[in-house]
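Going by full-length UniProt numbering, the first residue of the sequence shown is number 1, and it counts up by one from there.
Yeah, the Cβ is synthetic: ideal placement off N, Cα and C, and Gly gets one too.
Given the structure is predicted, the values throughout are model-derived calculations rather than measurements.
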Amino acid sequence: MLIFINGNRSVGTINKNIYGHFAEHLGRCIYGGLYVGEDSEIPNQNGMRTDVVNALKELDIPVLRWPGGCFADTYHWQDGIGPKSSRKTLINTTWGGVREDNSFGTHEFMELCRQLGCEAYINGNVGTGTVQEMCDWVEYCNMPGVSPMADLRRQNGQDAPWNVKYWGIGNEMWGGGGNMRADYYSDLCRQYASFLRDYDPSHKIYKIASGACDFNYDWTQRVAELTGALVDALSLHYYTIPGSEWEHKGSATKFSREEYYITMYKALQMKGLIENHTARMRQACPNKNLGLVIDEWGTWLDVEEGTNPHFLYQQNAMRDALVAAVNLNIFGDHCDSVVMANIAQTVNVLQAMILTDGPRMLCTPTYHVFHMFKGHQGARQLETYAETALIGADGADCKVPNLHVSASEDHNGNVLVTVVNLSDHSSVPVEIHWDGLSKFTSITGQVLSGDGAGAAAYNTFDNPHQVEPKPLTNITVGTNSFTSLLPACSVATFTLKA
Ligand code: AHR
1 MLIFINGNRS VGTINKNIYG HFAEHLGRCI YGGLYVGEDS EIPNQNGMRT DVVNALKELD
61 IPVLRWPGGC FADTYHWQDG IGPKSSRKTL INTTWGGVRE DNSFGTHEFM ELCRQLGCEA
121 YINGNVGTGT VQEMCDWVEY CNMPGVSPMA DLRRQNGQDA PWNVKYWGIG NEMWGGGGNM
181 RADYYSDLCR QYASFLRDYD PSHKIYKIAS GACDFNYDWT QRVAELTGAL VDALSLHYYT
241 IPGSEWEHKG SATKFSREEY YITMYKALQM KGLIENHTAR MRQACPNKNL GLVIDEWGTW
301 LDVEEGTNPH FLYQQNAMRD ALVAAVNLNI FGDHCDSVVM ANIAQTVNVL QAMILTDGPR
361 MLCTPTYHVF HMFKGHQGAR QLETYAETAL IGADGADCKV PNLHVSASED HNGNVLVTVV
421 NLSDHSSVPV EIHWDGLSKF TSITGQVLSG DGAGAAAYNT FDNPHQVEPK PLTNITVGTN
481 SFTSLLPACS VATFTLKA
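1. May I have the straight-line CA-CA distance separating PRO359 from LEU34, to the nearest angstrom?
2. For THR220, collect the residues of the same chain with a Cβ closer than 7 Å to its Cβ; drop the 5 residues on either side in sequence, then sort them by chain order.
3. With the cut-off set at 9 Å, would you say ILE208 and TYR121 are in Cβ contact?
4. Mind listing, in chain order, the continuous alpha helix (DSSP H) runs of no fewer than 4 residues lying wholly within the segment 145-204?
5. Within the present structure, is the beta-carbon of HIS277 separated from the nearest heavy atom of ligand 1 by less than 8 Å?
6. Have a look at TYR184, GLU108, THR74, MET353 and flag the residue whose alpha-carbon is nearest the alpha-carbon of GLU133.
7. Using only alpha-carbon positions, find the residue among LEU112, ARG154, ILE81, LEU116 that is nearest to ASP101.
8. Name the two residues that bound the continuous beta strand (DSSP E) containing ALA389.
9. Among the candidates GLY445, ASN171, HIS21, SER408, whose CA atom is the shortest distance from the CA of PRO487?
10. With a threshold of 7 Å on Cβ separation, who are the neighbours of HIS371 within its own chain once the five nearest residues in sequence on each side are excluded?
11. If you follow the beta strand (DSSP E) that LYS374 is part of, which residue opens it and which one closes it?
12. Inspect the CB distances between the segment 26-40 and the segment 374-382 and report whether three or more fall short of 8 Å.
13. Give the secondary structure of ARG49 by DSSP, where H, G and I count as helix, E and B as strand, and everything else as coil.
14. Hey, ARG190 and LEU226: beta-carbon distance below 9 Å or not?
15. Taking just the CA atoms, how far does PRO83 sit from ASP157?
16. With distance defined between alpha-carbon atoms, name the residue in CYS363, GLN315, GLY298, ASP394 nearest to GLY306.
17. Classify ILE343 as buried or exposed, calling it buried when 16 or more other Cβ atoms lie within 10 Å of its own Cβ.
18. Just list the residues that DSSP pairs GLY97 with in beta bridges.
19. Report whether the distance from the Cβ of VAL326 to the nearest heavy atom of ligand 3 is below 8 Å.
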C-alpha cells in the first residue's frame, strides 16, 4: 500500500509535551511504583526506585502531571511538606480508602522530576481547596525572594525556587471535582486564574482550566468563552474503553477479534474529538490560540484478577501498544492545537509504561512505543497520505483503516515515519514515497509485534522481554522511496537519516 510524505507541508512543530505522563496517588503508581522511600531494600535514590527511574529516563519524558486526577481535588499540599515523621497520615478516600502517609509530597515530586529530567505539571485542588491554598502552593514553588511561603520552602531544605510552569485549575469539575455546572466552575476558575501569580517574568506560569471529557463539546465551549481570556489552555480527558458498560470494560489480555477492532475504532475517535473540541475553543475564543491539553488518555480496562478494584492495575498487551501509537500519531498531526498530552498512568495504573511486583519490574509494549516514537518530540510534523483498506471482524459493523501513519523531520533533516498495521491477521507491504525532503544516507526500521500471540501478546515478570522492538530487515531503498513489509498487528518506525 502506498504512503506519501509531503516535506513541503506541515501543521507545525510537535510539542515535546505531547509525550507527557501522569502519576496519581492511586493504587501502586506513586507508592511502590515510583517511590519506595529511602529505607526500602529496593535500590533507590532519595526514595525513588532506581530501576523505574532509569527505564523512564530512556523515554525522555518531557513533563509529568501530579498529584491527580480525582485525588488532586482532595489533596492539601501542606500535608505533604516538612519532616516526614510529622506529616499527616490520612485515608485516600478517592482511591480505595487506603492509608496515605504523605511521605511523597511536593519536595519528593520535584525530586522525581529532577531525576527524570522533566518539567512538573501540578494539578491544584479546586474541589475541596481554596484560592488561597493554591496561591500559597504556587508561591511555595516559585517565589525567589522573601515571602512566608518561600521561607517555609527554605526551612524545608529547598533554597532555589523550582519555577513550576504548568498548573491545572481543578480536575474533571463536571464530575469527581465537584459536579459543577460549566458556568459555576468557570467563575471559580477565573478567580483562581486571577490570583495565581508569576513570581519571575522569565518563568511565566501556564494555566490549564479543567476541560471536558469525551464528547462534551458544550463544556469546552462554555468554559472557553468564560475563562479563555485568563487561562492558556483547556484540558480534555478521553479513555479508550472497549466495553459499553463501566462494570465490563473488557479484559486486557483475553479479548475477541470484535473487541480488538472496537478498541481500535474507539482509539481512532481521538482525531474527531480533538478537531471538534478545538473548533469549539476557537469559536468561543477567536482571538486567542488556547491550547488543548489532553492530560488523561489511554486504555481503561478491567483490573487484573485478584487485585484491588480501586487500584486500577491492568496488564498491557500489543493492543495497548497500537492504541498508544495511533494516539501519538493523531496528537502529532494536530500539533497546531494539542500542546500537551499525559498518558494515564506512568506505573502500575491503567495504560502504564512500567509494571512492578515488589522488587521486580517490566516495561510494557506501550513503553516501547513511547521509546520508538520519541524522535517526534520537538520535530516538524510532515503531512502524510496513506492508501488504506477498511478492515474489521467478520460481520461486525466496526471498521477501521488498516494503516495509520505520521511523520516528522528533526532539526538535522532526519525524518521519522511511524506506521501502525491495525490488521490482526494480515501483514501489509508498504511503499513509502516522499517529496520536498533532503537526500538520506540510510534508512533503518524497527518493529514491535506480538508474533504468534498477536494483539494479546504481553510481557510478564517471568518473561519480561516477550514483546520488544526488533530491527526491520526487509527494507528496500529506491529513488525517493523505500518498501517494507509490516507484520500483522504491529507498530513500525523508519528513520531516514540525512
Ligand atoms: O486516571 C484515573 C482517573 O480517571 C483520574 O483520577 C480521573 O481524573 C479520571 O476520571
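Quick answer:
1. Their Cα atoms are separated by approximately 12 Å.
2. For THR220, same chain residues with a beta-carbon under 7 Å away, outside a window of 5 residues either side, are GLY211, ALA212, LEU234, HIS277, ARG280, MET281 in chain order.
3. With respect to the 9 Å criterion, ILE208 and TYR121 are classified as neighbours on the basis of their beta carbons.
4. Within the segment 145-204, the complete alpha helix (DSSP H) runs of at least 4 residues are 148-155, 182-195.
5. No, since every heavy atom of ligand 1 falls outside the 8 Å radius drawn around the Cβ of HIS277.
6. Comparing Cα positions, the closest option is THR74.
7. Taking only the C-alpha atoms, the option nearest ASP101 is ILE81.
8. Run containing ALA389: none; DSSP gives neither H nor E here.
9. Measuring from the Cα of PRO487, the nearest candidate turns out to be GLY445.
10. Closer than 7 Å at Cβ, skipping near neighbours: GLU58, LEU59.
11. Where LYS374 is concerned, there is no enclosing beta strand (DSSP E), given that its DSSP letter is neither H nor E.
12. These segments do not touch.
13. Three-state DSSP puts ARG49 in a strand.
14. Cβ distance < 9 Å, so ARG190 and LEU226 count as in contact.
15. Note on identity: in this sequence residue 157 is Gly, with Asp being the wrong assignment. Going by the C-alpha atoms only, they are around 10 Å apart.
16. Closest option to GLY306, Cα to Cα, is GLN315.
17. Counting C-beta atoms within 10 angstroms of its own C-beta, ILE343 has 16 or more neighbours from the protein chains shown and is therefore classed as buried.
18. Partner(s): none; GLY97 has no beta bridge.
19. Within the structure as shown, ligand 3 is missing, the only ligands being ligand 1.
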